[in-house]
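Step one of this worksheet: look at the structure below.
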Amino acid sequence: MKYVHLGRSGLKVSRLCLGTMNFGPETTEADSGTIMDTALELGINFFDTANVYGWEVGEGITEQIIGRWFAQGGQRREKVVLATKVFGRMGDWPNQSRLSALHIKRACEASLRRLQTDYIDLYQMHHVDRHSPWEEIWQAMEQLMREGKILYVGSSNFAGWHLAQAQEMARHRNFLGLVAEQSLYNLNDRMIELEVIPACEAYGIGLIPWSPVARGLLAGALEPATSGRRADEDLRKNVEKFRPRLEAYESLCREVGEAPAHIAMAWLLQQPAVTAPIIGPRTLDQLQGAMRTFDITLSKEVLKKLDTIFPGPGGPAPEAYAW
1 MKYVHLGRSG LKVSRLCLGT MNFGPETTEA DSGTIMDTAL ELGINFFDTA NVYGWEVGEG
61 ITEQIIGRWF AQGGQRREKV VLATKVFGRM GDWPNQSRLS ALHIKRACEA SLRRLQTDYI
121 DLYQMHHVDR HSPWEEIWQA MEQLMREGKI LYVGSSNFAG WHLAQAQEMA RHRNFLGLVA
181 EQSLYNLNDR MIELEVIPAC EAYGIGLIPW SPVARGLLAG ALEPATSGRR ADEDLRKNVE
241 KFRPRLEAYE SLCREVGEAP AHIAMAWLLQ QPAVTAPIIG PRTLDQLQGA MRTFDITLSK
301 EVLKKLDTIF PGPGGPAPEA YAW
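Next up, the structure:
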């Protein structure tokens, strides 16, 4: 396993991040524990979750599963760089969602109880809160750091302007600010190349892409399926929407001799701004299969073909211009 610094911080994380959103709703607790144990054996030390995962309001089901896994000992907690999130609705009363100082404090303490730990390595804002000023947000995060409850702060689903705004306010407060941004990014969803990635690069913010295979669209979606993600109705609609580019993509994958999902992951790992794509395995086989990605290096020719099939929002790269 290769390790890199998370943004401009001194913290080292694995080049793949284990996403846990399926733990509980799709994957049993026993199987989730096996996946986490195997991830550590494979050298994956970066685990991502959120207080809303499990999708029962206020329960934090996935965090509870991870907490019981930590409680088994064996230095499980010490080996993991643990990331969770705050923003989502955790109850029906006012101040049980979003990014007020009150909710940040209460949500963090509730996550700590569920996760059975006394600190969170990376505490991420799950979405932008346009109703909470940055002075309030950073004051709340600074207080959690002073108390030793969180070590680093990250964001998720932020626009480039929000990243800049957050960092400039943090700088004004002599605060480290954001070290990571978690964004939707894959071959088929490249909008963040316009402003989010330049902002990350300018401010030293690590990029953690979620949905690296576009919810299965880039994982061989043209093959017929009667069960699993490829049989999902929404996915089938997207297949028809993007059929011409998917046909070209899967044809290229056959030329290269690698599975479409592995090509999509390898492409992400070769993007300079990317720290660690999030993989969200439902099964142990899916986790182990993802490791194939590290054996793939895409040539310049293949990268150009991928850009032709899945053009980025900013047009061709500068080196493509004659002048």
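In terms of the UniProt record's numbering, the sequence shown opens at residue 1 and continues consecutively. The C-beta atom is built at its ideal place from N, Cα and C for all residues, glycine as well. Note that the structure is a prediction, hence the values are computed from the model and not measured.
Put simply, the backbone Cα of G24 is about 36 angstroms away from that of Q165. DSSP lists Y3 as the bridge partner or partners of S14. Between the region 127–141 and the region 153–161 there are three or more inter-stretch CB-CB distances shorter than 8 angstroms, so the stretches are counted as touching.
Cβ neighbours of L144 within its own chain (closer than 6 angstroms, five residues either side excluded): C108 and I150. Under the Cβ criterion (8 angstroms, minimum of three pairs), the region 254–262 does not count as touching the region 190–208. DSSP places K149 outside both helix and strand once states are collapsed to three, so it counts as coil. Of Q64, L218, D189 and G58, the smallest CA-CA separation from Q96 is found for G58.
Residue range I61 to F70 is occupied by the alpha helix (DSSP H) that includes Q64. Per DSSP, the unbroken beta strand (DSSP E) holding Y123 starts and ends at I120 to M125. L235 and G148 have their C-alpha atoms spaced approximately 43 angstroms apart. Judged by DSSP in its simplified three-state form, W138 adopts helix. Under the rule that a run must span 3 or more residues, the beta strand (DSSP E) segments found entirely inside the region 191–268 read 206–210. Following the DSSP letters along the chain, one finds A39 inside the alpha helix (DSSP H) bounded by residues E29 to E41. Contact check for I137 against L178 fails: the beta carbons are separated by 7 angstroms or more. Where D307 is concerned, the enclosing alpha helix (DSSP H) starts and stops at K300 to I309. If you ignore the 5 residues before and after L194, its C-beta comes within less than 8 angstroms of the C-beta of G160, P313 and G314, all in its own chain and listed in chain order. Taking a contact to require three or more Cβ pairs closer than 8 angstroms, the region 216–226 and the region 287–299 do not qualify as touching. I104 is positioned such that its CB atom lies closer than 7 angstroms to that of V86. Annotated as distal: L298 and Q271, with beta-carbon spacing of 7 angstroms or more.
For L16, the CB contacts under 7 angstroms within the same chain, skipping 5 residues up- and downstream, are I44, A276, P277, I279 and A290 in chain order. Relative to the Cα of Q182, the nearest Cα in the group T28, G74, Q75 and F47 belongs to F47.
Under DSSP, N157 takes part in no beta bridge, so it has no partner. Here L176 carries a coil assignment [DSSP, helix/strand/coil]. In this structure, the alpha-carbon of R68 lies about 44 angstroms from that of L252. Per DSSP, A83 is not a residue of any alpha helix (DSSP H); the beta strand (DSSP E) it occupies stretches across V81 to V86.
In terms of Cα proximity to L187, the closest of V4, M90 and F242 is F242. If you ignore the 5 residues before and after M36, its C-beta comes within less than 6 angstroms of the C-beta of W69, all in its own chain and listed in chain order.
Shown here for F310: same chain residues with a beta carbon closer than 8 angstroms to its own, the five before and five after excluded, namely L187, N188, R190, R245 and Y249 in chain order. The Cβ-Cβ distance between G88 and Q124 does not fall below 7 angstroms.
In this structure, DSSP gives Q182 an extended state, which the three-state scheme calls strand. Here the C-alpha atom of Q64 lies approximately 22 angstroms from the C-alpha atom of E41.
Sixteen is the threshold: when 16 or more other Cβ atoms of the shown chains lie within 10 Å of the Cβ of A39, as they do, the residue is buried. At the C-beta level, T27 and T49 stay beyond 7 angstroms of one another.
As the crow flies, the alpha-carbon of A170 is around 18 angstroms from that of L6.
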